[in-house]
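Here the structure is laid out as structure tokens; the discussion comes afterwards.
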Amino acid sequence: MTRYLITGAHGMLGRDLQAALDAAPGERTVTALSRADLDITDPEATLAAVAGHDVVLNAAAYTAVDAAETDEQAAHLVNAIGAENLAAASRAAGAVLVQYSTDYVFDGAQAEPYAEDAPLAPVSAYGRTKAEGERRARAAHPEGTIVLRTAWLYGEHGSSFVRTMMRLYREHGRLTVVDDQHGQPTWTHDLAEQTVRMLDAGVRSATLHGTSSGATTWHGFAQAIVENLGGDPRDVAPVPSSDFSRPAPRPANSVLAHDGWAALGLAPLRAWRDALDEAMSSGALRMPAAD
Ligand SMILES: NC(=O)c1ccc[n+]([C@@H]2O[C@H](COP(=O)([O-])OP(=O)(O)OC[C@H]3O[C@@H](n4cnc5c(N)ncnc54)[C@H](OP(=O)(O)O)[C@@H]3O)[C@@H](O)[C@H]2O)c1
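In terms of this note's numbering, the sequence shown opens at residue 1 and continues consecutively.
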């Protein structure tokens, strides 16, 4: 019997982690704690909550990338101190911690995909706090921390680029989307299943990239969404990022390499387009009802 604890369990990834564990074969118990049940910035409460578990999946995070620019302390508390609290508690319990991180720990300046051991150089406040979370979690529990970086998430239980594009396309019939940022759209359902496979393979300490295979731009991603809606991809106009002023800078190249999976005998996540097509055709991203 493996005993799992999910923190941030009501978030987009947290909800799909619970579903993946419920669907997976084998003897498992799952404790799913929302922020109301456990605030990971509280070290004593975290220690008590982690006790009695074998695996901790930390899906809790401060994820408001733009708001973090003017609220870095609040983001740091959750993303860095919260991760450290969970790592220390996991060590005390003899549990493995899966610390989800982000492509935004990299600066995006290199042309090739980022390797798992590429130097961290975040360009945003959010990226800095997540990079610090990686460092603190590893330092607090070096033998039992898995850093799993992901990116460009969408899922059934949260707001995301996919849902926003679906709504805007329905409203306007045309979209204008940046075409100079490259990344890997990733379905939380796929990341959750990969997390279970990874743990079932016995991984206890690693840095891995949990993003879809292949790469596109936000523009290419939006075109694929429109195609799935039965629309014409030419309705999506490309623009440079400089046309959209946002508080937090975004890396130009967010593409992550997947070599770490092969070393563990595991396949990386499937191609981003295959995942998107299934997510949209399955109804998991059903368009919100018209107002
Ligand atoms: N979304 C993306 O595109 C993306 C990209 C790269 C990496 N990631 C990483 O992937 C992971 C999952 O992201 P997500 O999109 O599923 O995030 P999400 O939907 O924003 O969920 C995060 C959850 O954490 C909770 N939370 C916030 N502060 C907390 C605290 N102090 N204690 C306990 N829970 C707390 C939030 O609760 P409230 O809603 O009540 O605040 C929310 O339910 C995060 O580590 C994130 O950094 C996400």
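C-beta atoms are modelled at their ideal positions from N, C-alpha and C, and glycine is treated no differently. Computed from a predicted structure; not experimentally measured.
Less than 9 Å separates the beta-carbon of A24 from that of V196.
Relative to the non-hydrogen atoms of ligand 1, the Cβ of S101 comes within a distance shorter than 8 Å of at least one. A contact between stretches requires three or more CB pairs, one per stretch, nearer than 8 Å, and the region 27–43 fails this requirement with the region 211–224. Taken in chain order, the complete beta strand (DSSP E) segments of 3 or more residues contained in the region 78–111 are 96–102.
A straight line joining the alpha-carbon of T176 with that of R35 spans about 35 Å. With the rule of 3 Cβ pairs closer than 8 Å, the region 115–127 counts as touching the region 61–68. In this structure the region 189–208 lies against the region 268–283, because at least three pairs of beta carbons, one per stretch, are closer than 8 Å. In the DSSP assignment, P43 falls outside any beta strand (DSSP E) and within the unbroken alpha helix (DSSP H) covering P43 to V50. Straight across, the Cα-Cα distance linking L17 with I225 is about 24 Å. Bounds of the beta strand (DSSP E) holding A206 are A206 to H209. Within the chosen limit of 8 Å, ligand 1 does not reach the beta carbon of G108 with any heavy atom. The alpha-carbon separation between A19 and G265 amounts to approximately 24 Å. Here the alpha carbons of D179 and P238 stand approximately 5 Å from one another. The Cβ-Cβ distance between H209 and T150 falls below 9 Å. Short of 7 Å from the beta carbon of E193, and not among the five residues preceding or following it, lie these beta carbons of its own chain, in chain order: A20.
Of all alpha-carbon atoms in V30, G8, N253 and V55, the one lying nearest the alpha-carbon of H141 is that of V55.
In the DSSP assignment, Y4 falls within the unbroken beta strand (DSSP E) covering T2 to T7.
As the crow flies, the alpha-carbon of L153 is around 16 Å from that of Q99. Beta-bridge annotation (DSSP): Y114 is paired with L256. Relative to ligand 1, the beta carbon of S212 is positioned no closer than 8 Å to any heavy atom.
Non-local beta-carbon contacts of G82 in its own chain, meaning distances under 6 Å to residues more than five positions away in sequence, involve I40 and T41 in chain order. Rounded to the nearest whole angstrom, the C-alpha separation of P251 and V147 is 20 Å.
Per the coordinates, the alpha-carbon of F244 lies some 36 Å from the alpha-carbon of A267.
Using a Cβ distance threshold of 9 Å, G260 and T207 count as a contacting pair. Shortest Cα-Cα distance from A262 to any of A131, G230, E116 and G158 involves E116.
R138 has its CB no nearer than 8 Å to any heavy atom of ligand 1. The beta carbon of A121 lies closer than 6 Å to those of D107 in the same chain, with the five residues before and after it left out. In this chain, R286 is not harboured by any beta strand (DSSP E), its DSSP state being neither H nor E.
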